[in-house]
Every structure is written in C-alpha cells, then in structure tokens.
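The structure under discussion appears below in the form of structure tokens.
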Amino acid sequence: MEQFRQVGEVLGSLKALMILQDDTLINKNQCCLLLDAFSSAFATIAEEIKENLKLEERNNKWKPLEEPLREIYRVFKEGELYVKRCLDSKDWWGKAICLHQNKDAIEFHIHNLLSTFPAVIEAIETAGEISGLDQEVMQKRRVMLAKKYDRGWNDPKLFLWRFGKQYLVTQQIWSQIENAVKEDGWLLADAIKQKRKTGSLTKTEQRLAELLLKKLNGVNSVNGKLPLSSILTGAEDYQLRRRLGGGTQYKEIHWLGENFALRQFSGDIEALGPEINKLLALSHPNIVQFLSGFYDEEKKELFLLMDLMTKDLHSQIKENSSPRRRVLLPIPIMVDIMLQIARGMEFLHSQKVYAGELNPTNVFLKPRKCTEGYFHVKVSGFGLTSVENHPAKHASPEHYEIDTHIWYAPEVLADLDQPGKTPALKYTEKADVYSFGMVCFELLSGKLPFEDGHLHGEQMIKNVRAGERPLFPSILPKCLVNLTKRCWHTDPNNRPSFSSICRVLRYIKKSLAMNPYIGQPSIPLPLSDYFDLEAAFLKKSLGELASDVPPVAEVPFQMFSYKLVEKEKTFSGIKFKNVDGSSDSPSNGNDSPVSAVEDPASPGDDPGCEPRKAVCFDMKSVCFERNIPSDLRSVMSEPPEKNIGKKPAAPAATGVKIRRTKTLGSLSKPKPPTPPKPMQTPRRKVPAWNSPANSLKISRENRTTFSISQSSPRRTRAPATSTRS
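Heads up: the sequence shown begins at 1 in the UniProt record's numbering, then just goes up one per residue.
The following block contains the structure:
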C-alpha cells in the first residue's frame, strides 16, 4: 500500500538524521523519543497487517486503512521537520531561545501519534474481519475481537498490561515521556556551560548564556527585575520588521536569525513582575509562548518576546466566507482546530490561568508545512489583565468594530451590568467554556454570532442572558452542533470541562479518520452526541479528581474506554439520549445538560447492569460461538406454510423424501417423537388443509430433531417468540 510505503520512507529519513546528531543537538532526548515511538508504531502496524490481512487482497479489502495511514504519515512528516529544526546548528542561539522550554515533541507530535494510532489498529481489525476465505479463521478473529473489547479491560492498569505494546504505551515509552523534557534542560545547560568555557563567545552571546542558564534553573528575574532590554535592542542583528494588528504594542522583529513577535508596553516592573514570571514559566504547543522578558529602566518599558504566528482565526474565517469564496473549512480541519484550542485552554486551566477574552481574534494560526490545509493553533489573550487592553498582536483592523460581548457568558454579562463591581465571573473555567462554544459556532458556520439577527447592543445582551443563542446552518454534523450547545449552556454547572471536550473531540477525530465520508453533511457520524460516552467514562473513573492535565500516555486508554462504552451500548441495544440538534429552530441555551448515561461498571456495583450483562453474553454466544451448518440448504429448502411470511427451514438428514403423491397419504403414522428439551423450539401445530399439507406433517414428525447448535438463528428464535406466553 502506497501510504504504508510513504510512512516507511519518512521513518528511514528520520533514522538517518539521528545518526548524524552531535552533542550540540537541542532537545536530544525528545528527538530520540520521537524516533523510538515512530519505530514502534511502524513495527506494530507491520505486525498487525501480517497477522490480520492478506497481501493479495490489498487492492480491494484494505480500503479502511487508507485514511488512518494518511493521518499517520502526516504525524511522521511533522515529527521529521521538528527533528530537522533541532538538528540545525545554524543560528544556534536563536534556536536555543525558541526551544529551551519547548515541549512540542511530546505535547504535539507524540500526542498526535497516540491519538491517531487507535484508528489504524481498528481499521486493520475492520479489514481483517473480511480478509481471506477460510470461514473458521474469520470466525476466530471475530471471537478474539469480542474478547479484546470486553468490559473487563476497562481499567488503566489492565489496559497497559495487556495492550500497552499494541497502543505504543510501553513502560519504556512512558518513562521517556516523563523524563525527556527535564533531561533536555540539563543537557542544554551543560552545552551552554561548555560554550562558555571555550572563551570564544562574544559579549552578546555571554549575556545570552547567562540569561538562558537562569531560565533553565527556573529563575526568570533577579530581585524582581528582568534582564536589561539592551540584550535585545542592542544586538547587531536586531531588526524591527513591522507593526502587528494596527496597534502600538505588538511588533514583528528579527533577532538571532529567528523571527519573533514582541510586545512592548509601559508598566511598573514591581507590580507586574510576579505575573510576568508566571507567564514566562508556561509552555504548551497550543498557547502563545512567552519566551523571554526584558526591561528598560530609563523608559520604564517592558519587552515580552513571543511566538510569531501568521494570522488570527477571525481573519481566516473571513477569508473563507468572503463573497468570492463562500467555502467553509473541511470538517476534519475544523475538528482539529477545535481540539487544539481546547488543549491550550485545558493546559491554562490546569495552571489556574483563565483567558477571560477567548474569541477568534485571540486564536492564532500558522499553516503546517507538510499537511496542506491544516494549521498549528495557539491561544493568546491571557495574563497581564492589569495592562491596558489593546488588540491582539495579529488582530485585523475589523477587530475594532466587533462587539466582544457576543463571546461573553450570560453570568459575565450580568456581572458587567453592575457598575463599580470587578467582573470576577469573567475569569472562570466555565466562562471560558462558554466563549469556546461561541468560537466553535463562528468556525463551523463561517459567520459571527448573531450576525444575521436584528438585535444588537443592549437588547442582544438581554436576549443572551435570557437564553437566546445563534442559529446553526442545517449542513453541519449534529455531533459538533451538540458539543457547541453543551458549551454555551445557560447554567455554568452543565457546561463540560476542557478535559472532557478534548476527549470527545479526539474520538470524533478518530471516527472521521476511520470513516472519511461521514464528515460530509449528507452522511452523519455514527453518534450524534459523543458526550454520552464521556459521561460513562467519568462515572467509571469516579469523575476528574486530579486537577493536572493527564499525560499524553493516557490518551490511548481514554479512547479505548470510549470504544468499550460505545460497543457495550450498541450490543445491549441501549438507545442514546441524544440532543435534537435541529438547525431550523432557535437555541435557548438550555438544550442539553450532561445526559445521564448508565455506568458500565460491574454488576456487583450496580444491580441494574445485570440484564445488560446477560444480553451481552447472549449476543456473544449467538454471534460468535454458534456452530452454523455448512449446508444451509438443509434448513432453508422447506416449502412455505400458509400465513407464514418468513421462509421456514427444511428438514435435514431425514430418510423421508417429500413428494406430492397418493402413496404419501397412505403412509403409516410413526411413533410420536420424544418431548423436546427445554432449550428447543416448540413444534407448531399445522392444520390439515389439504393432502400435501398432510404429507408435510408426516415428514415433519419423521425428521430428526435439531439441536440449537445445528439450527440457524432465524429458524430457532422466531417460533419461540410466538409460542411463549
């Protein structure tokens, strides 16, 4: 398969790159982790293909693998570019500034690998169910899959013990994930010290070395003071490129061979110092990184060095929905953007940092080099709330004309209505979740919230507080509409956390990878509300007890647990209580609190689970353990009886041949058969309505009784239902 070959080529290139590494490699352990994880992924895919598929069927039965392998190829290619950047020794000091706190190898590349890999495994299993012609082998595969997705494995420790290798979360990988960033910091500090010992550093490089060593030791300021701004502005290669966002605070600069965004503003360093130090310590691939801070004592100005992005989300949406284009982003790309925003907010909330101003002008994009149409997304607009608000660094001029109240939660709007009161509710987790819902609406619909409405200003605020919400177009997948409605629920307690949102979006993304066509408006996703799976997951895990973000190594188990709940509900016939995401009626903001989902716990914990357990075992025995006769004609060739719609089964292996002759009617009546066993299907009384019927009656009484294991499900179950009382 072409996609698998391309993945192998990238892995070969990555191995060759790592052979050429030297001691000055930045983030060496994270690069080695990527190589180990990618090698393990490729080997696992090859092993699964050998065990489940046949090479000669690759042109007609391997179709489910194509899209998941494309996703894996994107992950590998992006990881290769990251390693190349770390390996490049040109402009070493600039890369050290950019990457000294960088966790992208784990929080971006490894995360994407672990969240995409379950789709590959399940796609191979799906293709394996129809691979080959040996019915016995295919039956064994189905039995093994049924055992794999048994509810007994819904435990993190058991999952790691049984499936850790298959899902790339072995103890070795787990240990590397936990230690790679810390060890890379030590190695970078040692490399800087070695450079200082050589005595060949320039004055600027010596000051940079001192700055980086302090940051690597967790010291961003000395006695509350940041490093002097002359390190930045006095450098020979410092260049001011342009102003950003039409304001005065943000600029694009070139320094040490790299491009940065610079925020420059006046302020009291003593008052702002603690907050700036907290911002400098934050590091995540989905938030705008504060790389370093400087201070000008004479002018009382602060300089914050930041990631440089390309554009904000509002500008991108406006480009796509312009009168000339009128094209929304593809569903998989929109889901990917939503997931990255949610992951950035999840990290900020884990650090007790709340945005308060989450809107599309504070979400920034940078096109990915190797994945056409996809973006790297970062959240900004958090921190330094005491500094006068200005448009964000990449904000478009239209930002000035946008009423930011349309992204505020109802409780925040009520708080702002009280003059003289500090809007405390603005900086809360649930207020950010509401704003996220409004951002999702603009992304999915291509228009501002309430843009088509006649209400503006104070009247719009009153209606939002009363529960009015924007209207969705009718072409969107219901699962995304329902997710958005949960986020903007009027009651903050009924809004999900960003950790829950991330889990749901990962599973939706996996479903899209396995079924690429269901993202189209005419073909819905299998479920219209994936929060039913999340509710069961939270109940099983006794809620989210820890405030820290779970490590990326736990992502495979979370997705596996979702799969178990989904299969259990499918097999047991439980109907989901889905939200009706109709688009032609207004949303009142109270559409769907978190639905109550049955706990998939053991029957001993919940007596109500006992019937479901019985159903599951019954279905397993019927679907996977029944011995079906090889000659189906023996149970499907009997002539139909009167008033019976289904084709009944015919006698098998009897000595009586059915002929419509007079001799049949004169046959002597045999002895009545022994009473049927309790598990057998009771015989029906057939009325003697003509001579052929009498012949059929005689032939039935003469035929050998079938056991359940020899009869078809259709023949055994239908009569049993009709005769029980």
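Where a beta carbon is used, it is the ideal one built from N, C-alpha and C, also for glycine.
Predicted model, so just to flag it, every value in this text is computed and none were measured.
Cβ separation of residue 239 and residue 251, assumed to be a contact under 8 Å, to the nearest whole Å: The count along the sequence shown starts at 1 and reaches residue 239 at position 239. The count along the sequence shown starts at 1 and reaches residue 251 at position 251. Actually they are not in contact, since the Cβ atoms of residue 239 and residue 251 sit about 10 Å apart, beyond 8 Å.
Nearest to residue 374 (by Cα), restricted to the options 357, 282 and 336: Locating residue 374 in the sequence shown gives position 374, counting from the first residue. Residue 336 is the option with its Cα nearest to residue 374.
Residue 358 versus residue 432 - alpha carbon distance: In the sequence shown, residue 358 corresponds to position 358, counting from 1. In the sequence shown, residue 432 corresponds to position 432, counting from 1. Approximately 7 Å between the Cα atoms of the pair.
Residue 110 to residue 377 span [Cα, whole Å]: Reading the sequence shown from its first residue, position 110 is the one you call residue 110. Reading the sequence shown from its first residue, position 377 is the one you call residue 377. Computed Cα separation, rounded: 16 Å.
Residue-chain proximity (residue 279, chain C), Cβ-Cβ < 7 Å: The displayed structure is made up of one protein chain only, and chain C is not part of it.
For residue 309, three-class secondary structure by DSSP: Walking along the sequence shown from the start, residue 309 turns up at place 309. It is coil, neither helix nor strand.
Cβ-based neighbour list, residue 185, same chain, cut-off 6 Å, excluding 5 preceding and 5 following: Residue 185 sits at position 185 when you count from the first residue of the sequence shown. Answer for residue 185: 216, listed in chain order.
Distance CB(residue 425)-CB(residue 412) smaller than 7 Å: Taking the sequence shown and counting its residues from 1, one reaches residue 425 at position 425. Taking the sequence shown and counting its residues from 1, one reaches residue 412 at position 412. Cβ distance < 7 Å, so residue 425 and residue 412 count as in contact.
8 Å Cβ shell around residue 295 - same chain, five flanking residues per side excluded: What you label residue 295 is simply residue 295 of the sequence shown in a count that begins at 1. For residue 295, where only same-chain residues beyond five positions count, the Cβ hits under 8 Å are 225, 226, 227, 228, 229, 269, 301, 302 and 303.
Residue 308 versus residue 261: straight-line alpha-carbon distance, rounded: One-based indexing of the sequence shown puts residue 308 at position 308. One-based indexing of the sequence shown puts residue 261 at position 261. About 5 Å.
Rounded separation between residue 275 and residue 408 - CA only: Along the sequence shown, read from residue 1 onward, the residue named residue 275 stands at position 275. Along the sequence shown, read from residue 1 onward, the residue named residue 408 stands at position 408. Distance between the alpha carbons of residue 275 and residue 408: 24 Å.
Contact set for residue 104: own chain, Cβ-Cβ below 7 Å, skip 5 residues either direction: The residue labelled residue 104 in the question sits at position 104 within the sequence shown. Only 82 and 285 meet the Cβ criterion.
Helix, strand or coil at residue 60 according to DSSP, with G and I counted as helix: For this step, residue 60 is matched to residue 60 along the sequence shown. If DSSP states are grouped into helix, strand and coil, residue 60 belongs with coil.
Sequence-distant residues of the same chain with beta carbon closer than 6 Å to residue 435, five excluded per side: Within the sequence shown, the letter at position 435 stands for residue 435. Excluding residues within five positions, the ones whose Cβ falls inside 6 Å are 358 and 407.
Unbroken stretches of the beta strand (DSSP E), 3 residues or longer, contained in the segment 412 to 444: none
For residue 202, the nearest candidate out of 231, 171, 69 and 112 (CA to CA): Residue mapping note: residue 202 aligns to position 202 of the sequence shown, counting from 1. The residue with the shortest Cα to Cα distance from residue 202 is 231.
Cα-Cα separation between residue 495 and residue 139, rounded to whole angstroms: By one-based count along the sequence shown, residue 495 stands at place 495. By one-based count along the sequence shown, residue 139 stands at place 139. Spanning the two alpha carbons is a distance of roughly 44 Å.
Beta strand (DSSP E) segment containing residue 241, residue limits: By 1-based counting over the sequence shown, the position of residue 241 is 241. Residue 241 -> beta strand (DSSP E) spans 239 to 243.
Stretch-stretch touch, CB-based, cutoff 8 Å, three pairs: the segment 124 to 143 with the segment 48 to 65: yes
CB contact flag (residue 117, residue 557, <7 Å): The residue given as residue 117 occupies position 117 in the sequence shown. The residue given as residue 557 occupies position 557 in the sequence shown. Their beta carbons are not under 7 Å apart, which means residue 117 does not touch residue 557 by this criterion.
Extent of the continuous alpha helix (DSSP H) run through residue 258: For the purposes of this step, residue 258 is taken as the residue at position 258 of the sequence shown. Run containing residue 258: none in the alpha helix (DSSP H); it sits in the beta strand (DSSP E), 258 to 266.
Exposure of residue 446, with buried meaning 16 or more beta-carbon neighbours within 10 Å: What you label residue 446 is simply residue 446 of the sequence shown in a count that begins at 1. It is buried - the Cβ of residue 446 has at least 16 other Cβ atoms within 10 Å.
Beta bridge counterpart(s) of residue 292 as assigned by DSSP: In the sequence shown, residue 292 corresponds to position 292, counting from 1. DSSP lists 305 as partners of residue 292.
For residue 219, the residue or residues it bridges with in DSSP: Translated into the one-based positions of the sequence shown, residue 219 becomes position 219. According to DSSP, which records beta bridges pairwise, residue 219 is partnered with nothing at all.
Residue 38 in three-state terms, based on DSSP: The residue labelled residue 38 in the question sits at position 38 within the sequence shown. DSSP places residue 38 in helix when its eight states are reduced to three.
For residue 377, the first and last residue of its enclosing beta strand (DSSP E): Translated into positions along the sequence shown, residue 377 becomes position 377. Looking at the DSSP string, the run of the beta strand (DSSP E) that includes residue 377 is 375 to 379.
Under 7 Å between C-beta atoms of residue 171 and residue 33: Within the sequence shown, numbered from 1, the residue matching residue 171 stands at position 171. Within the sequence shown, numbered from 1, the residue matching residue 33 stands at position 33. It is not a contact, given that the beta carbons lie outside the stated cut-off.
Residue 281 versus residue 404: straight-line alpha-carbon distance, rounded: Translated into positions along the sequence shown, residue 281 becomes position 281. Translated into positions along the sequence shown, residue 404 becomes position 404. Near 29 Å, if we compare the C-alpha coordinates of residue 404 and residue 281.
Local Cβ density within 10 Å of residue 179, reported as buried at 16 or more and exposed below that: The residue you call residue 179 lines up with position 179 of the sequence shown. Exposed: under 16 other Cβ atoms inside 10 Å.
Continuous beta strand (DSSP E) stretch holding residue 365: start and end: The residue you call residue 365 lines up with position 365 of the sequence shown. Here the beta strand (DSSP E) through residue 365 covers 363 to 367.
Residue burial classification, residue 292 (beta-carbon count within 10 angstroms, cutoff 16): As a working note, residue 292 is residue 292 in the sequence shown. With 16 or more Cβ atoms within 10 Å of its Cβ, residue 292 is classed as buried.
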